[in-house]
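Down below is the structure, laid out as C-alpha cells.
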Amino acid sequence: MMKGLKKWRLFSLLAALTIFLSGCGEEYLSTLTPAGQVGRDQFNLLLLSSAIMALVIIVVVIIYVVALVKFRRKKVGEDVIPKQVEGSHTLEIVWTVIPILLLIVLAIPTVYYTYKHADVAAMDQVDEEGNKTNVTVNVKASLYWWEFEYPDLGIVTAQELVVPTDQKVYFNLKAADVKHSFWIPTAGGKMDTNVENVNQFYLEFDDASASLEQGVFYGKCAELCGPSHALMDFKVKTLEPEDFNAWVETMKTNEHVAEGELASQGEEIFNTSCIACHATSGAGTTGGMGPNLATFGDRNRVAGFMSHDEESLKKWINDPQLYKPGNLMPQPETINDGEKFSEDQLDALAAYLMGLSVEK
Numbered sequence: 001m002m003k004g005l006k007k008w009r010l011f012s013l014l015a016a017l018t019i020f021l022s023g024c025g026e027e028y029l030s031t032l033t034p035a036g037q038v039g040r041d042q043f044n045l046l047l048l049s050s051a052i053m054a055l056v057i058i059v060v061v062i063i064y065v066v067a068l069v070k071f072r073r074k075k076v077g078e079d080v081i082p083k084q085v086e087g088s089h090t091l092e093i094v095w096t097v098i099p100i101l102l103l104i105v106l107a108i109p110t111v112y113y114t115y116k117h118a119d120v121a122a123m124d125q126v127d128e129e130g131n132k133t134n135v136t137v138n139v140k141a142s143l144y145w146w147e148f149e150y151p152d153l154g155i156v157t158a159q160e161l162v163v164p165t166d167q168k169v170y171f172n173l174k175a176a177d178v179k180h181s182f183w184i185p186t187a188g189g190k191m192d193t194n195v196e197n198v199n200q201f202y203l204e205f206d207d208a209s210a211s212l213e214q215g216v217f218y219g220k221c222a223e224l225c226g227p228s229h230a231l232m233d234f235k236v237k238t239l240e241p242e243d244f245n246a247w248v249e250t251m252k253t254n255e256h257v258a259e260g261e262l263a264s265q266g267e268e269i270f271n272t273s274c275i276a277c278h279a280t281s282g283a284g285t286t287g288g289m290g291p292n293l294a295t296f297g298d299r300n301r302v303a304g305f306m307s308h309d310e311e312s313l314k315k316w317i318n319d320p321q322l323y324k325p326g327n328l329m330p331q332p333e334t335i336n337d338g339e340k341f342s343e344d345q346l347d348a349l350a351a352y353l354m355g356l357s358v359e360k
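In C-alpha cells form, the structure reads like this:
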C-alpha cells in the first residue's frame, strides 16, 4: 500500500513539473528563446555553465556507483577491511586542479561578455550632421508603471517600449521612487533602476515583434518593489528601422481629435479630472505624474496586465487600488467631486481613451 502511495506521489510531482515546464519557451517571454545578440550571448553562457555542472554531476555519480558496486559487502566478504590510505598527493592535486580549470573555462567568457555588454561608449556617437547614430531611451520606473523617453527624438511614451530591430538600443535607467529592475527576458539580463544613480546598458532585437503570438515582447520588474510588484509589466514592440522612423514621425506630429459625441464627452471629463497627471501627446520630454496616454489605444493591456477592452478599462478607472494595490493613481472620488464616476462617465472616458492612437 505504501509503495503504491509513493508511486502516486512521484507521478503527481512529475505531472506538476510538466505543467510548469510547459510555460517555458514562449518567444515573447522566455530566456530560452533569445531575441537578440545580447540574449544569445547570455544563453550561451547558461549552456556552458549547465554543461560544466552536468559534467561534474556525472563524474561524481559514476565514482559513487563504481565504489558502491565494487566494494559492496556481498562481493568482498564480511571480514574484509579496505586498504586504509591516509592522504594522497596525486588525488589532492587532481581534485584541486580540475575545479580550478573548470572555473577558468567559465570565468573567461563570463568576464568577456560582462565588459562587452557594459560598453555604452557608442551611445554618444553622432554622424556628420551631429545627429545621434543610435537610439537612446531614458527609462523611468515608478510604482507601478514605466516611462520611456527618447531624448534625441523628442518623444515619450509609457508602458509600451518601441524600438528598432538590427541595431543596438541604449538605455539610461533610473527609478522615481524605490528600487526597481528592468528586465526583458528574451532580450537579455536584468538591470537595476536606482533612485540615486543612472545605470546604462544596451540590448538588440533581431526581428519585428508583429509575428509573435502576442504581437509584443514582455518586460517585467525583477526587483520586489511593493504589493503590486508582480503586476508591474511592460510590453516591447520591435519594428523594422523604416517602420520605427515612421512611428517616431507620427508620434511627433499626431494631434488626436476625439471622434464621435461619446468620445468628445470623454475628452471633456478627462480634461477636468485626469489631465493634471496624464499627457495625451507623444511629443515632449515627460509624461507627467502618471503614464503618458498618447498610444493608449495601441496597447494590448490596461494597467499593464488587464485585458485591453472597455470593460477592463472602466473597472480600472473606477477602483485602481482594487486591481493594483499601492499604485499612485487616485481613486475617482478625489477627482470627481467626492463621487465615483457614473456609468455614463465611464463609457465616455473609455471611448475617448481607446481612441488615443498613433497607429490607426
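Residue numbers for the sequence shown, in full-length UniProt numbering: 1 to 360.
A virtual CB, placed ideally from N, CA and C, is assigned to each residue, including glycine.
The beta strand (DSSP E) enclosing residue i, as first and last residue numbers
{"i": "Phe234", "result": "233-239"}
{"i": "Pro164", "result": "160-164"}
{"i": "Met354", "result": "Met354 -> not in any beta strand (DSSP E); alpha helix (DSSP H) instead, spanning 343-354."}
{"i": "Ser88", "result": "Here Ser88 belongs to no beta strand (DSSP E), and DSSP marks it neither H nor E."}
{"i": "Phe148", "result": "145-150"}
Alpha-carbon to alpha-carbon, residue j and residue i
{"i": "Ser312", "j": "Asp119", "result": "42 Å"}
{"i": "Phe148", "j": "Ile58", "result": "47 Å"}
{"i": "Thr186", "j": "Val56", "result": "29 Å"}
{"i": "Thr250", "j": "Leu322", "result": "35 Å"}
{"i": "Tyr112", "j": "His229", "result": "33 Å"}
{"i": "Gln37", "j": "Thr110", "result": "15 Å"}
{"i": "Asp233", "j": "Ala16", "result": "26 Å"}
{"i": "Val85", "j": "Leu48", "result": "36 Å"}
{"i": "Cys277", "j": "Asn271", "result": "10 Å"}
{"i": "Ile98", "j": "His89", "result": "14 Å"}
{"i": "Phe205", "j": "Gly39", "result": "9 Å"}
{"i": "Ala246", "j": "Leu203", "result": "21 Å"}
{"i": "Glu261", "j": "Leu356", "result": "15 Å"}
{"i": "Thr334", "j": "Ile269", "result": "14 Å"}
8 Å CB neighbourhood of residue i in its chain, flanking five on each side removed
{"i": "Thr133", "result": "Ala122, Gln125, Val126, Asp127"}
Buried or exposed (CB count within 10 angstroms, at least 16 for buried), residue i
{"i": "Asn197", "result": "exposed"}
{"i": "Met1", "result": "Because Met1 sits at a pLDDT of 48, beneath the cut-off of 50, its placement in the model cannot be relied upon, and the following sentence gives the value as read from the coordinates. Exposed, because fewer than 16 other Cβ atoms sit within 10 Å of the Cβ of Met1."}
{"i": "Ser12", "result": "exposed"}
{"i": "Asp41", "result": "buried"}
{"i": "Pro332", "result": "buried"}
Beta-carbon proximity list for residue i, same chain, < 7 Å, skipping 5 on both sides
{"i": "Val248", "result": "Leu153, Ile155"}
{"i": "Pro82", "result": "Phe71"}
{"i": "Trp95", "result": "none"}
Boundaries of the alpha helix (DSSP H) in which residue i is found, first to last residue
{"i": "Val169", "result": "Element bounds for Val169: not the alpha helix (DSSP H) but the beta strand (DSSP E), 168-175."}
{"i": "Thr272", "result": "261-273"}
{"i": "Met53", "result": "37-70"}
{"i": "Ser312", "result": "310-318"}
Neighbourhood of residue i by C-beta, 6 Å cutoff - its chain only, sequence neighbours within 5 removed
{"i": "Ser264", "result": "Ala258"}
{"i": "Asn292", "result": "Val156, Thr157, Ala158, Ala279"}
{"i": "Tyr218", "result": "Tyr28, Leu29"}
{"i": "Thr193", "result": "Ala141, Leu173, Lys174, Ala175, His180, Phe182"}
Distance cut-off 7 Å: residue i Cβ against heavy atoms of the ligand NAP
{"i": "Val156", "result": "The model depicted lacks the ligand NAP and carries no ligand whatsoever."}
Next on the checklist: Does the contact criterion of 3 or more C-beta pairs under 8 Å hold for the region 324-335 versus the region 135-146?
Outcome noted: Contact between the region 324-335 and the region 135-146 is present: three or more C-beta pairs spanning the two stretches fall below 8 Å.
Checklist entry - Can at least three beta-carbon pairs, one atom from the region 201-217 and one from the region 230-239, be found at a separation below 8 Å? => result These segments touch.
Checklist entry - Is the region 343-360 touching the region 297-315, taking contact as three or more C-beta pairs under 8 Å? => result Counting Cβ pairs under 8 Å, three or more are found: they touch.
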